[in-house]
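Trainee:
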Amino acid sequence: MSGRSGQPPRHWYEGGRVPLHAQALSGLYAVASGLRRGLYQRRLLRARKAGRPVVVVGNLVAGGSGKTPLTIALVERLRAAGWTPGVASRGYGRADASTPRWVDAGTDPALGGDEPVLIAARTGARVRVDRDRVAAARALVAEGCDVVVCDDGLQHYRLARDLEIEVIDGRRRYGNGRLLPAGPLREPPARASACDFRVLNVGTDAELAADFGEWPMWLEPGRAQPMAGGRPQPLSAFAGQRVHAVAGIGDPERFFAMLRGQGIAVVPHAFGDHHRYAAEDLRFGSDLPVLLTEKDAVKCRAFANDRYFSVGIDARLPEAFWIALLNRLGPRPSTAP
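Here my numbering is used: the first residue of the sequence shown is 2, the next is one more, and so on.
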């Protein structure tokens, strides 16, 4: 498996001894993050409002857990309910991160961030990247958005929020349960109890089940879109074939397992989350088809050929989840009494 660099330390999710220096730094991190959280809870630091409802989609662990598929599904569901959603994001890993930007489907992911470009391409919603999420949210409101979906930002307490959704990786959950850098946690597990909704990303694994208080989220594979142009193909078209599978996401194995579940013989190539690809990264020495996650595909458009396919996924949640969320969100501001 190529590209191991950039993946989480083994002791986070795979067991093993935590290095002493990581244990010491974890203690310092706990003090600093707890102090900051406490200042906002006591209102010694003040959260800023965007002027319209804000829904934060985030997680407690560092790295991916399925936030982007849920963000896309949430934007689409809000639009179907009559809202005009906009998405605020930091745009992790982008160049010139100090410059706020509007992001659309054609934005260079190096400037807009891979996840914001993907969200814009899938939803057509207004997307604003800014490390100051308050400014991003207010910019969206100024453009006519009546609800702001914050992609990540559970720990960005400066932005006041109306609803919080925690997304949990169903396979890895909280790992070894330790705070950074000894473990994957940005905040203690008890922080989850303050979230309005807790969504368990079970992916395509039928054996995973949500615990009490969690809503299951299934990921359904979409079609394979030829990146050089052409008609989408069902994944079943690759069944029985060997393919190069490329994933630079929080948990690459989830993508590989999804493809294997479709009867595809996978040659896996895992890269670090938010990896910036060069053409050399995808030269594997054979002419097999190359299947990439959508998030990776947006960064490989410049050198894709007719062997490259982008594989999308769609998040599915129980209808009761959406009913509960819309009820908690309340009426649209324009129709509120």
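We treat Cβ as the ideally placed atom computed from N, Cα and C, and that holds for glycine. Because the structure is a prediction, the values reported are computed rather than measured.
Do Ile-314 and Leu-164 have their C-beta atoms closer together than 8 Å?
Mentor: Within the sequence shown, numbered from 1, the residue matching residue 314 stands at position 313. Within the sequence shown, numbered from 1, the residue matching residue 164 stands at position 163. Contact: no.
Trainee: My understanding is that Leu-292 touches Val-244, with C-beta atoms under 8 Å, so please give their C-beta distance in whole angstroms.
Mentor: Position 291 of the sequence shown, counted from the start, is the residue given in the question as residue 292. Position 243 of the sequence shown, counted from the start, is the residue given in the question as residue 244. That belief holds up - the Cβ atoms of Leu-292 and Val-244 are roughly 5 Å apart, short of 8 Å.
Trainee: Taking the continuous beta strand (DSSP E) assigned at Trp-84, which residues delimit it?
Mentor: Locating residue 84 in the sequence shown gives position 83, where the first residue counts as 1. Run containing Trp-84: none; DSSP gives neither H nor E here.
Trainee: Closest to Thr-124 by CA distance: which of Ala-74, Ala-143 and Met-259 is it?
Mentor: Residue numbering aside, residue 124 sits at position 123 when the sequence shown is read from its first letter. Thr-124 has its Cα closest to that of Ala-74, out of Ala-74, Ala-143 and Met-259.
Trainee: Kindly identify the DSSP beta-bridge partner or partners of Ser-90.
Mentor: Your numbering for residue 90 matches position 89 in the sequence shown. Partner(s): Val-130 and Asp-152.
Trainee: My understanding is that Glu-167 touches Leu-180, with C-beta atoms under 8 Å, so please give their C-beta distance in whole angstroms.
Mentor: Taking the sequence shown and counting its residues from 1, the one referred to as residue 167 is at position 166. Taking the sequence shown and counting its residues from 1, the one referred to as residue 180 is at position 179. Not really, about 16 Å apart at Cβ, beyond 8 Å.
Trainee: Taking the beta strand (DSSP E) that Phe-198 belongs to, which residues open and close that run?
Mentor: Within the sequence shown, numbered from 1, the residue matching residue 198 stands at position 197. Residues 198-204.
Trainee: Quick check: Arg-53 and Val-142, are their CB atoms within less than 8 Å of each other?
Mentor: Along the sequence shown, read from residue 1 onward, the residue named residue 53 stands at position 52. Along the sequence shown, read from residue 1 onward, the residue named residue 142 stands at position 141. Yes.
Trainee: Report the residue from Ala-246, Ile-324, Arg-159 and Gly-16 whose alpha carbon sits nearest the alpha carbon of Arg-44.
Mentor: Within the sequence shown, numbered from 1, the residue matching residue 44 stands at position 43. The option with the nearest alpha carbon to Arg-44 is Arg-159.
Trainee: Judging by CA-CA distance, which residue of Arg-261, Gly-264, Arg-255 and Gly-262 is the nearest neighbour of Ala-271?
Mentor: Locating residue 271 in the sequence shown gives position 270, counting from the first residue. For the residues Arg-261, Gly-264, Arg-255 and Gly-262, the minimum Cα distance to Ala-271 belongs to Arg-255.
Trainee: Comparing alpha-carbon positions, which option in Ala-266, Ser-66 and Ala-137 lies nearest Arg-199?
Mentor: Your numbering for residue 199 matches position 198 in the sequence shown. Comparing Cα positions, the closest option is Ser-66.
Trainee: Using the beta-carbon count (16 or more within 10 Å), is Asn-202 buried or exposed?
Mentor: Translated into positions along the sequence shown, residue 202 becomes position 201. Answer is buried; the Cβ neighbour count reaches 16.
Trainee: Buried or exposed, going by whether 16 or more other CB atoms sit within 10 Å of the CB of Ile-324?
Mentor: Numbered from its first residue, the sequence shown carries residue 324 at position 323. Under this definition Ile-324 is an exposed residue.
Trainee: Taking the alpha-carbon positions, what's the Met-218 to Thr-69 distance?
Mentor: Numbered from 1 along the sequence shown, position 217 holds the residue referred to as residue 218. Numbered from 1 along the sequence shown, position 68 holds the residue referred to as residue 69. Cα-Cα distance, rounded: 12 Å.
Trainee: Report the three-state DSSP secondary structure of Ser-311 (helix, strand or coil).
Mentor: Translated into positions along the sequence shown, residue 311 becomes position 310. If DSSP states are grouped into helix, strand and coil, Ser-311 belongs with the strands.
Trainee: In the structure shown, what three-state DSSP assignment does Val-62 receive?
Mentor: Counting from one through the sequence shown, the residue named residue 62 turns up at place 61. Looking at Val-62 - three-state DSSP - the assignment turns out to be strand.
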